[in-house]
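K.L.:
If you count the sequence shown from 1, you need to add 14 to reach this note's numbering.
Glycine residues also receive a C-beta, built at the ideal position from the N, C-alpha and C atoms.
Sharing a structure, written as structure tokens. Questions coming.
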Amino acid sequence: MSHDTGRPIRSTVVTSAPCRVDMGGTLDLATFHLPLRHLDPVTFNLALDLRTRVRIAPYTAGRVRVSSRGFEPAEFPARELPFDHPMGLMFGIAAYFDASGVAIDIDSASPPRSALGGSSVAAVALCAAFLSALEGMEDGDALKERAARIAQSVESAVAGVVCGIQDQMAAAFGGVSLWHWDGEGRYRRTPVCDTGGTDPSAHMAVAYCGIPHDSLDVNGRWVKGFLAGRHRAEWVRIIELTHAFAEAMAAGQWREAGELMNRETRIRQSMTPDVLDETGMRLVESAVALGCGARFTGAGGGGCLWAVGEAGDMAAVRDAWVSICAEIPGAKLLPPAVAWHGVTTEGAEAWRASVS
15 MSHDTGRPIR STVVTSAPCR VDMGGTLDLA TFHLPLRHLD PVTFNLALDL
65 RTRVRIAPYT AGRVRVSSRG FEPAEFPARE LPFDHPMGLM FGIAAYFDAS
115 GVAIDIDSAS PPRSALGGSS VAAVALCAAF LSALEGMEDG DALKERAARI
165 AQSVESAVAG VVCGIQDQMA AAFGGVSLWH WDGEGRYRRT PVCDTGGTDP
215 SAHMAVAYCG IPHDSLDVNG RWVKGFLAGR HRAEWVRIIE LTHAFAEAMA
265 AGQWREAGEL MNRETRIRQS MTPDVLDETG MRLVESAVAL GCGARFTGAG
315 GGGCLWAVGE AGDMAAVRDA WVSICAEIPG AKLLPPAVAW HGVTTEGAEA
365 WRASVS
């Protein structure tokens with residue numbers, strides 16, 4: 015292997031992975047689940063069938079080019095990749111695999127900066143593409159786990175802050191899951207719903223607020239408060255509510271799930287009132303008034319919200335949310351379909367269809 019040229023990409027590979035909605039987030043950060051390990055800290059997430067597709071293809075020797083919707087294409091020498099670039103995470107992953115002579119194209123079905131885990135999803139899909147192209151790995155649990163762990167490690171390194179792994183796990187494995195964090199670098203997945211049971215999509219709504227999302231400040235305040243010994247009882251209660259929420263979802267107790275979601279949301283608001291902005295407050299209040307639960311995704315502060323409830327009540331929530339979103343530039347409802355399959359390798363025709 016030449017230090018000057020790295021590992022060239024010889025063939026085109028296309029992969030895709032889903033984004034997610036969640037409850038009990040933040041607990042996937044080691045800062046939280048290590049000292050709370052005795053309480054079985056968990057995060058619930060549901061993969062949405064809004065997939066991010068990544069294509070890697072042969073390119074000019076010694077160069078790495080990244081193109082993603084919403085960003086200016088960027089190209090650098092493989093030995094001079096900038097990790098502080100807006101697409102620094104993708105360059106960081108290319109550097110991890112020592113990739114060179116590669117064009118990386120990214121196309122996402124989810125809105126930009128929507129708090130649905132989009133950058134982590136793209137990272138998982140890119141890792142899977144490199145694992146396929148450079149190491150010959152095929153679709154399966156081994157590839158999924160490696161892609162998730164590499165993506166999370168590189169993201170933490172590039173960001174210079176504590177990063178969790180729930181976004182990457184949802185992207186890698188898909189489905190509806192309760193993730194248990196054991197504090198020793200391992201995890202355990204409990205499937206909450208499966209393809210043979212009730213489809214939760216009819217009991218959900220997802221809305222994009224049309225406002226760029228920045229989770230660093232909210233997450234940072236949660237982390238700083240926890241490190242200082244504040245709000246420990248609140249985080250214990252969030253663990254309990256997340257366990258109960260997953261049980262209610264598994265049992266099809268949609269109204270109960272919604273009430274548990276509302277309790278968790280109120281706790282988060284008590285710690286960080288701006289976790290819901292004005293639009294988010296309107297969406298949550300309308301869902302609660304109609305007998306459903308609603309909360310932000312990710313760390314809130316803009317981006318997306320999702321709701322859970324009985325099918326008839328959810329139809330009314332969707333109508334109310336459509337009316338609210340019509341008043342907000344860029345805001346809209348997103349399809350709530352579950353992505354039962356996580357990261358996967360696809361044919362070139364999937365890429366053509368996604369960008370057409």
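#1: Consider the Cβ of H99: report whether some Cβ of chain C lies at a distance smaller than 8 Å.
#2: Can you name, in chain order, every residue of its own chain whose Cβ lies under 8 Å from the Cβ of S16, other than the five neighbours on each side?
#3: Could you check what DSSP says for V357 in three-state terms: helix, strand or coil?
#4: Can you check whether the CB of A216 is closer than 8 Å to the CB of A325?
#5: Could you tell me which of V28, E94, G234 and P343 sits nearest to G174, measuring between CA atoms?
#6: Between the alpha carbons of G115 and A136, how many angstroms are there, rounded?
#7: For the ligand COA, I want to know if A143 counts as a neighbour, meaning its beta carbon is within less than 7 Å of at least one of the ligand's heavy atoms.
#8: Any contact of the stretch 328-337 with the stretch 41-60, i.e. 3+ C-beta pairs under 8 Å?
#9: Let me know the beta strand (DSSP E) ranges lying completely inside the stretch 155-219, each 3 residues or longer, listed in chain order.
#10: Do D119 and S146 have their CB atoms nearer than 8 Å?
#11: Rounded to whole angstroms, what is the Cα-Cα separation between T204 and F187?
#12: Within the continuous alpha helix (DSSP H) that includes E270, where are the two ends?
#13: Would you list the one or two residues that DSSP bridges to G307?
#14: Quick one, are the C-beta atoms of V28 and G361 less than 8 Å apart?
#15: Using beta-carbon positions only, say whether A161 and V357 come within less than 8 Å of one another.
#16: Specify the secondary structure class of T74 as computed by DSSP and reduced to three states.
#17: Considering only the alpha carbon of each residue, which of A61, R24 and R21 lies closest to S30?
#18: Report all residues from its chain with a CB closer than 8 Å to the CB of T19; omit the five preceding and five following residues, and keep chain order.
#19: Buried or exposed: which applies to K238, given that a residue is buried once 16 or more other Cβ atoms fall within 10 Å of its Cβ?
#20: Between S124 and C33, how many whole angstroms is the CB-CB distance? I'm expecting something under 8 Å.
#21: Grab the span of the alpha helix (DSSP H) containing M151 for me, first residue to last.
#22: Is it buried or exposed for A260, if we count other Cβ within 10 angstroms and need 16 for buried?
#23: Nearest-angstrom Cα distance between I225 and G317?
#24: Of the residues V56, A271 and R21, which one's Cα is nearest the Cα of L192?
#25: Comparing alpha-carbon positions, which option in V190, A143, S122 and M104 lies nearest S170?
#26: Just list the alpha helix (DSSP H) runs in the stretch 61-143, keeping only unbroken ones of 4 residues or longer that don't cross its boundaries, in chain order.
#27: Check the DSSP bridge columns for F58 and list the partner residues they point to.
P.N.:
Let me spell this out:
#1: Absence of chain C from the displayed structure is noted, only one protein chain being present.
#2: Numbered from 1 along the sequence shown, position 2 holds the residue referred to as residue 16. Here the model assigns S16 a pLDDT of 49, short of 50, so the residue's position is not dependable, and the following value carries that caveat. Same-chain partners within the cutoff: there are none.
#3: Counting from one through the sequence shown, the residue named residue 357 turns up at place 343. DSSP, reduced to helix, strand and coil, places V357 outside both helices and strands of the structure shown, so it counts as coil.
#4: Taking the first residue of the sequence shown as position 1, residue 325 is located at position 311. Taking the first residue of the sequence shown as position 1, residue 216 is located at position 202. Against a cut-off of 8 Å, the Cβ pair of A216 and A325 comes out as a contact.
#5: Taking the first residue of the sequence shown as position 1, residue 174 is located at position 160. When only C-alpha atoms are compared, the closest one is G234.
#6: Within the sequence shown, numbered from 1, the residue matching residue 115 stands at position 101. Within the sequence shown, numbered from 1, the residue matching residue 136 stands at position 122. The alpha-carbon atoms of G115 and A136 are separated by roughly 20 Å.
#7: The ligand COA is not part of this structure, which contains no ligands at all.
#8: no
#9: Considered as a whole, the stretch 155-219 harbours 190-195 and 201-207 as its complete beta strand (DSSP E) runs of no fewer than 3 residues, in chain order.
#10: By 1-based counting over the sequence shown, the position of residue 119 is 105. By 1-based counting over the sequence shown, the position of residue 146 is 132. Cβ atoms of D119 and S146: not closer than 8 Å.
#11: Position 190 of the sequence shown, counted from the first residue, corresponds to residue 204. Position 173 of the sequence shown, counted from the first residue, corresponds to residue 187. Cα to Cα, T204 sits roughly 12 Å from F187.
#12: For the purposes of this step, residue 270 is taken as residue 256 along the sequence shown, with counting starting at 1. E270 -> alpha helix (DSSP H) spans W268 to M285.
#13: Position 293 of the sequence shown holds residue 307. Answer is V322, bridged to G307.
#14: On the sequence shown, position 14 is the one that residue 28 refers to. On the sequence shown, position 347 is the one that residue 361 refers to. Less than 8 Å separates the beta-carbon of V28 from that of G361.
#15: Within the sequence shown, the letter at position 147 stands for residue 161. Within the sequence shown, the letter at position 343 stands for residue 357. Contact flag set, yes.
#16: Mapped onto the sequence shown, residue 74 falls at position 60. Three-state result, T74: coil.
#17: By one-based count along the sequence shown, residue 30 stands at place 16. Ranking A61, R24 and R21 by Cα distance to S30 puts A61 first.
#18: Counted from its first residue, the sequence shown places residue 19 at position 5. Excluding sequence neighbours, T19 sits near A75, G76, A92, S114 and G115.
#19: Counting from 1 along the sequence shown, the entry for residue 238 is found at position 224. Result: exposed.
#20: For the purposes of this step, residue 124 is identified with residue 110 of the sequence shown, where counting begins at 1. For the purposes of this step, residue 33 is identified with residue 19 of the sequence shown, where counting begins at 1. Rounded, the Cβ-Cβ distance is 5 Å, consistent with contact.
#21: What you label residue 151 is simply residue 137 of the sequence shown in a count that begins at 1. Taken as a continuous stretch (DSSP letters only), M151 belongs to no alpha helix (DSSP H), as it is neither H nor E.
#22: The residue you call residue 260 lines up with position 246 of the sequence shown. The residue in question, A260, is buried, as its Cβ has 16 or more Cβ neighbours within 10 Å.
#23: Indexing the sequence shown from 1 puts residue 225 at position 211. Indexing the sequence shown from 1 puts residue 317 at position 303. If you take the alpha carbons of I225 and G317, they lie about 6 Å apart.
#24: Reading the sequence shown from its first residue, position 178 is the one you call residue 192. Of the candidates V56, A271 and R21, the one whose C-alpha sits nearest the C-alpha of L192 is V56.
#25: In the sequence shown, the residue the question calls residue 170 occupies position 156. The option with the nearest alpha carbon to S170 is M104.
#26: 102-110
#27: As a working note, residue 58 is residue 44 in the sequence shown. According to DSSP, F58 bridges with M37 and L192.
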